[in-house]
Each structure stands twice: as C-alpha cells, then as structure tokens.
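So the structure is just underneath, and the comments pick up after that.
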Amino acid sequence: MKVKTRDFGEIEVSEENIIFFKEGIPGFDEEKEFIIILNEDEDNPFHHLQSVKNPNLSFIIINPFEVFKDYDIIIPQTAIDKLKIEKPEDVLIYSIVVVPEDIRKMTANLLGPIVINHKKRLGKQVILEDSRYSTKHFIFAQDFQEEVK
Numbered sequence: 006m007k008v009k010t011r012d013f014g015e016i017e018v019s020e021e022n023i024i025f026f027k028e029g030i031p032g033f034d035e036e037k038e039f040i041i042i043l044n045e046d047e048d049n050p051f052h053h054l055q056s057v058k059n060p061n062l063s064f065i066i067i068n069p070f071e072v073f074k075d076y077d078i079i080i081p082q083t084a085i086d087k088l089k090i091e092k093p094e095d096v097l098i099y100s101i102v103v104v105p106e107d108i109r110k111m112t113a114n115l116l117g118p119i120v121i122n123h124k125k126r127l128g129k130q131v132i133l134e135d136s137r138y139s140t141k142h143f144i145f146a147q148d149f150q151e152e153v154k
C-alpha cells in the first residue's frame, strides 16, 4: 500500500509493517496505525514513526539503548498484557525525540518509551514509574547531558 509522508513523499509499505496503537499515542488518540521508517545510514540512530493516515504526523525516534548506554527499564505488566508480549526478543523500544532550532539541545523522552511487540504488530507509549528518567534527556555533548529543567 502507499503511504503519504511529510518527509519522504509517497512511499510503498507492506501492510505487514503497520503497527497498531489501540490507544493511539498521548495527544494523538485518533491515530492508531503507524509505520517505522528506518534510516538507511547505520551510523545515524534517528528513524521516523509515521502515521499511516496523516502525512503530517511523524515522530523522530531513536533506540534509547544505542544512545544512552545505561538506560534500563522494566516494562509494566499492564503494558506487557496489552501488547501480548510473550518473549523479550519480540519487543522493540524507541524514544521520541524533540529537535529544537539549536540541535545541540535535542532531547529524548526516556520516561515515555514507545514499546512495540513486532510479532503481533502492537504498539503503545508507556509511561514509566522510574524517577531516573524524564521526558527531556539531552542526546548530544556532555555539556547537555543533564536533564532539562
């Protein structure tokens, strides 16, 4: 099927690659179907979570484990149940990135990761109960790696 995107124009995707967010994403509750557009450059950690229905709704995402080496989370049992997760290897985890004008101040939401069961094609933004993380963790440079206040 063809999906219109803001950043890549019209692209061809397999329906098998659509991820269903039964509850939407907070703030975008009506949007239920997304695809992940992976960056072809293996050295670039930024990918896109693109709405299938709304070409203008696209989130930049990263695998937080690649960028934040000490990132360690426990997925709540309620999310495991809703996503029908059976094995850890069925899970993909991403963080939504905010890119301001000064890209040195780019942040990742480590408190609310996007959790995907890629076997069942189900996704959910999970809000963690972990005081180590916030919605704004700097991605670049040691000077900016403290939490944004």
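Read in order, the letters of the sequence shown correspond to residues 6 to 154 in our numbering. The C-beta atom is built at its ideal place from N, Cα and C for all residues, glycine as well. As the structure is a prediction and not an experimental result, all values here were calculated from the model.
* DSSP bridge partner residues for N122 (one or two, in chain order) -> V96 and L127
* To do: Sort I67, I90, S56 and K110 by Cα distance to K7 and report the nearest one.
  => S56
* Start-end ranges of the beta strand (DSSP E) lying completely within the stretch 31–117, minimum 3 residues -> 38–42, 52–56, 63–67 and 96–103
* **Sub-8 Å separation of G117 and T140 beta-carbons** => yes
* Mind checking whether A113 and I144 have CB atoms under 8 Å apart? -> yes
* Would you say I119 reaches chain D, if we count a Cβ-Cβ gap shorter than 8 Å as a contact? -> Within the model displayed, chain D is absent; a lone protein chain is all it includes.
* **Nearest-angstrom Cα separation, counted from N59 out to T10** => 8 Å
* Asked: Name the DSSP bridge partner or partners of V8?
  -> I16
* Can we say the stretch 89–100 touches the stretch 67–76, given the rule of at least three CB pairs closer than 8 Å? -> yes
* If you draw a straight line from the alpha carbon of D34 to that of K74, how long is it in whole angstroms? -> 31 Å
* Is the beta carbon of S63 sitting closer than 8 Å to the one on H52? -> no
* Asked: Is G14 buried or exposed, if buried means 16 or more other CB atoms sit within 10 Å of its CB?
  -> exposed
* Asked: In whole angstroms, what is the alpha-carbon distance linking G32 and Q130?
  -> 11 Å
* **Residue of F26, M111, E134 and K110 minimising C-alpha distance to I40** => F26
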